[in-house]
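Student: Start counting the sequence shown at 1377; every next residue gets the next number (the numbering used here).
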Amino acid sequence: MIIKPKGTYDIVDKEAIKMQRINHLIDYFCEFYNYDYIRTPIFEASELFHRSVGESSDIVTKETYDFKDRGERDLTLRPEGTAGVVRSFIENKMYGSNLPRKFYYNGPMYRYERPGNGRNREFTQFGVEILGSNDPAIDAEIISMPYRLFEELGFKDLTVKINNLGDKKDRAKYRDALVEYLTPHIKELCSDCQKRFTTNPLRILDCKVDGDSVVLKNAPSILDYQSEDSNNRFKKVLEYLNYLDIDYEVDKTLVRGLDYYDYTVFEIVSDLSILKGSSTIAAGGRYNNLVESLGGPSTPCMGFACGLERIGLAMDEFEEIKKRPLDCYIMYINEEEKLKAIMLAQDLRISGVSVDYDTTGKSLKSQFKEADRKNAQLLIILNSEDLQKGLINVKDNLTKEEKKIDENEIIDYIVSNG
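#1: Smallest Cα separation from leucine 1565: which of Arg1547, Gln1602, Ser1589, Glu1711?
#2: Hey, would you say isoleucine 1768 sits closer than 7 Å to isoleucine 1781, going by beta carbons?
#3: Inspect the CB distances between the stretch 1515-1525 and the stretch 1541-1556 and report whether three or more fall short of 8 Å.
#4: Could you give the distance in angstroms between the alpha-carbon of leucine 1620 and the alpha-carbon of serine 1520?
#5: Assuming serine 1464 is part of the alpha helix (DSSP H), what are its boundary residues?
#6: So which of Gly1661, Ala1421, Asp1627 has the shortest CA-CA distance to aspartate 1449?
#7: Nearest-angstrom Cα distance between threonine 1500 and phenylalanine 1405?
#8: Determine the burial state of alanine 1752: buried for a count of at least 16 other Cβ atoms within 10 Å of its Cβ, exposed for fewer.
#9: How many angstroms separate the CA atom of glutamate 1556 from the CA atom of alanine 1595?
#10: Assign isoleucine 1418 to buried or exposed, taking buried as 16 or more other Cβ atoms, counted over all protein chains shown, within 10 Å of its Cβ.
#11: Please state whether the Cβ-Cβ distance between tyrosine 1413 and lysine 1478 is less than 7 Å.
#12: Are the beta-carbon atoms of threonine 1452 and aspartate 1445 separated by less than 7 Å?
#13: Where are the beta strand (DSSP E) runs, 3 residues long or more, that stay fully inside the stretch 1393-1438, in chain order?
#14: In this structure, does DSSP put valine 1631 in helix, strand or coil?
#15: Starting from valine 1536 and walking both ways along the alpha helix (DSSP H), at which residues does that stretch end?
#16: Check whether the stretch 1707-1715 touches the stretch 1678-1694, taking contact to mean three or more Cβ pairs, one atom from each stretch, closer than 8 Å.
#17: Just list the alpha helix (DSSP H) runs in the stretch 1581-1668, keeping only unbroken ones of 4 residues or longer that don't cross its boundaries, in chain order.
#18: Which value, in whole angstroms, describes the spacing of the CA atoms of serine 1567 and threonine 1559?
#19: Leaving aside the five residues before and after serine 1669 along the sequence, list all residues of the same chain whose C-beta is less than 7 Å from its C-beta, in chain order.
#20: Taking just the CA atoms, how far does asparagine 1539 sit from valine 1729?
#21: Restricting to runs no shorter than 4 residues, where is the alpha helix (DSSP H) found entirely within the stretch 1445-1515?
#22: Is it right to say glutamate 1467 is buried, meaning 16 or more other beta carbons lie within 10 angstroms of its own, or is it exposed?
#23: Grab me the residues of methionine 1719's own chain with a C-beta within less than 8 Å of its C-beta, minus the 5 sequence neighbours each way, in chain order.
#24: Using the C-alpha atoms, what's the distance from arginine 1454 back to glutamate 1604?
#25: Between which residues of its own chain and lysine 1612 is the CB-CB distance below 7 Å, once the five residues before and five after are set aside?
#26: Could you tell me the distance, in whole angstroms, from the CA atom of phenylalanine 1465 to the CA atom of isoleucine 1644?
#27: What separation, rounded to the nearest whole angstrom, lies between the Cα atoms of arginine 1725 and valine 1791?
#28: Closest to cysteine 1704 by C-alpha separation, out of Cys1682, Arg1662, Ile1756, Tyr1663, would be which residue?
#29: What did DSSP end up calling lysine 1544 once you bin it into helix, strand or coil?
#30: Closest to arginine 1749 by C-alpha separation, out of Gly1679, Glu1696, Arg1700, Phe1642, would be which residue?
#31: For the 8 Å Cβ check, are there 3 or more pairs between the stretch 1676-1688 and the stretch 1390-1409?
#32: Where does isoleucine 1697 fall in DSSP's three states?
#33: By how many angstroms is the C-alpha of glycine 1494 removed from the C-alpha of tyrosine 1385?
#34: What do you get for valine 1461, buried or exposed, if any count of 16 or more other CB atoms within 10 angstroms of its CB means buried?
#35: Does isoleucine 1402 pass the burial test, meaning 16 or more other C-beta atoms within 10 Å, or should it be called exposed?
#36: Hey, how far is the Cα of arginine 1676 from the Cα of methionine 1377?
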């Protein structure tokens, strides 16, 4: 028997219903926030992710699915969505006018990592990017949007963790101070941190192994190395969050795992027990230098992303997922009635009514059970004698009331009573 690869999954039954609900709400939110849908390739040139995400990041060094195609081109299955959106922005010359551009994407990503709680090698990521605005109000909007989306899905007790990384000069000053502080302690940290010490010391603050160590807790704060302009900008972001009634806490250790971030970075955290150690349900930040580093003009940008599997897992703790009731179930016995059922089902579906009928030869008794299993609201019970008189029997499956409706009026009756 052929089975699915490790770290992948099938979306069926309850999980499919849950994903559909999340996706519908995403489309709804993005429409009213005025974001345009964008779809980029599932695989891109490897250089795109190596240059954007960072050669020293865990994603590039440990997790990307890299391969050569038949033309010996180096390609990578996308591990995240931002780089592809930025590449499209540059390639299609969207920077010329009508800025800012506001996009959202929703699709599969791939990372070779240990599968765990709400974490897979193939996962679905929803994200939003705004390209072409440095206004702190955009930072607040990008943070508030997923926050309100999660509230609409039923999440409680959400917290935003936020930090300010500053500009290149700010980070360079902080990097020197951090290296000086860590030098006598580096052997006390994990092997990954020891590697990061020479490649990207700021990533040490994001370590999942040593995150609670005394060494990192006593590390200097990046907020003490910000310029006046950077500090004032961060204060403005926090001011806007206060106006939007967003609960947040400043976390000086928050740096995020991708190298392109600067200024504002954030995570939205839920304390649901079902998530266990995977409490971050959305994250993002500002990346004002990424477009330029990939060959485009200087363009300030901001975005966030979240994994739908983790959101769906969290929903299991506070919501019972049920399929939407079926509007109507059509029942029949003989071939003449079956033909009528097929035609009637088509007409009702065109009219916006959800309909089903048996195609496995069930008895009438079994069809009644099937209608109950599908939670059908109305039953259409066809019989040849009624059809000869131009009548169709309709039963309300809740009240058990039955009526014989003129065949020419059946569509209007079902639409108005479904």
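Glycine included, C-beta positions come from ideal geometry on N, C-alpha and C. Please read all numbers here as calculations on a predicted model, not as lab measurements.
Tutor: Reading from the atomic positions:
#1: As a first step, residue 1565 must be located in the sequence shown, where it is residue number 189. Answer by Cα proximity: Ser1589.
#2: Walking along the sequence shown from the start, residue 1768 turns up at place 392. Walking along the sequence shown from the start, residue 1781 turns up at place 405. Yes, Cβ-Cβ distance for isoleucine 1768 and isoleucine 1781 is below 7 Å.
#3: no
#4: Numbered from 1 along the sequence shown, position 244 holds the residue referred to as residue 1620. Numbered from 1 along the sequence shown, position 144 holds the residue referred to as residue 1520. Straight-line Cα distance between these residues: approximately 7 Å.
#5: One-based indexing of the sequence shown puts residue 1464 at position 88. Start and end: 1458-1467.
#6: If you number the sequence shown from 1, residue 1449 lands on position 73. Reading the sequence as shown, one finds arginine at residue 1449 and not aspartate. Selected option, being the one with the closest Cα: Ala1421.
#7: Locating residue 1500 in the sequence shown gives position 124, where the first residue counts as 1. Locating residue 1405 in the sequence shown gives position 29, where the first residue counts as 1. Computed Cα separation, rounded: 18 Å.
#8: Taking the sequence shown and counting its residues from 1, the one referred to as residue 1752 is at position 376. Burial call: buried.
#9: Taking the first residue of the sequence shown as position 1, residue 1556 is located at position 180. Taking the first residue of the sequence shown as position 1, residue 1595 is located at position 219. Glutamate 1556 and alanine 1595: Cα-Cα distance of roughly 10 Å.
#10: Translated into the one-based positions of the sequence shown, residue 1418 becomes position 42. Exposed is the call here.
#11: Position 37 of the sequence shown holds residue 1413. Position 102 of the sequence shown holds residue 1478. Not in contact: tyrosine 1413 and lysine 1478 (Cβ atoms no closer than 7 Å).
#12: Locating residue 1452 in the sequence shown gives position 76, where the first residue counts as 1. Locating residue 1445 in the sequence shown gives position 69, where the first residue counts as 1. No. Outside cutoff.
#13: Those beta strand (DSSP E) runs which fall completely within the stretch 1393-1438 and span 3+ residues are 1419-1421.
#14: Your numbering for residue 1631 matches position 255 in the sequence shown. Residue state, collapsed to three classes: coil.
#15: On the sequence shown, residue 1536 is found 160 positions in, with the first residue counted as 1. That residue, valine 1536, is in no alpha helix (DSSP H); its beta strand (DSSP E) goes 1534-1540.
#16: Contact fails: fewer than three Cβ-Cβ distances are below 8 Å.
#17: Runs of the alpha helix (DSSP H) inside the stretch 1581-1668: 1590-1593, 1604-1619.
#18: For the purposes of this step, residue 1567 is taken as residue 191 along the sequence shown, with counting starting at 1. For the purposes of this step, residue 1559 is taken as residue 183 along the sequence shown, with counting starting at 1. Taking the straight line joining both Cα atoms gives about 14 Å.
#19: Position 293 of the sequence shown, counted from the start, is the residue given in the question as residue 1669. Excluding sequence neighbours, serine 1669 sits near Arg1427.
#20: Within the sequence shown, numbered from 1, the residue matching residue 1729 stands at position 353. Within the sequence shown, numbered from 1, the residue matching residue 1539 stands at position 163. C-alpha separation (whole angstroms): 50 Å.
#21: 1458-1467
#22: By one-based count along the sequence shown, residue 1467 stands at place 91. With fewer than 16 other Cβ atoms within 10 Å, it is exposed.
#23: Reading the sequence shown from its first residue, position 343 is the one you call residue 1719. Hits under 8 Å: none found.
#24: Counting from one through the sequence shown, the residue named residue 1604 turns up at place 228. Counting from one through the sequence shown, the residue named residue 1454 turns up at place 78. Arginine 1454 has its alpha-carbon roughly 37 Å from the corresponding atom of glutamate 1604.
#25: Indexing the sequence shown from 1 puts residue 1612 at position 236. Correct list, in chain order: Pro1512.
#26: Stepping through the sequence shown from its first residue, residue 1465 is reached at position 89. Stepping through the sequence shown from its first residue, residue 1644 is reached at position 268. Between phenylalanine 1465 and isoleucine 1644, the alpha-carbon positions lie close to 27 Å from each other.
#27: Along the sequence shown, read from residue 1 onward, the residue named residue 1725 stands at position 349. Along the sequence shown, read from residue 1 onward, the residue named residue 1791 stands at position 415. Arginine 1725 and valine 1791: Cα-Cα distance of roughly 10 Å.
#28: Here residue 1704 refers to the residue found at position 328 when the sequence shown is read from its first residue. When each option's Cα is compared against that of cysteine 1704, the closest is Ile1756.
#29: To locate residue 1544, count along the sequence shown from 1; it is residue 168. Of the three classes helix, strand and coil, the one that applies to lysine 1544 here is helix, per DSSP.
#30: Looking up residue 1749 in the sequence shown gives position 373. Considering only alpha carbons, the answer is Arg1700.
#31: yes
#32: For this step, residue 1697 is matched to residue 321 along the sequence shown. Of the three classes helix, strand and coil, the one that applies to isoleucine 1697 here is coil, per DSSP.
#33: The residue given as residue 1385 occupies position 9 in the sequence shown. The residue given as residue 1494 occupies position 118 in the sequence shown. When rounded, the distance between both Cα atoms is 11 Å.
#34: Within the sequence shown, numbered from 1, the residue matching residue 1461 stands at position 85. It is buried - the Cβ of valine 1461 has at least 16 other Cβ atoms within 10 Å.
#35: For this step, residue 1402 is matched to residue 26 along the sequence shown. Burial call: buried.
#36: Taking the sequence shown and counting its residues from 1, the one referred to as residue 1676 is at position 300. Taking the sequence shown and counting its residues from 1, the one referred to as residue 1377 is at position 1. Checking the sequence, you will find proline at residue 1676 rather than arginine. Roughly 51 Å separates the two Cα atoms.
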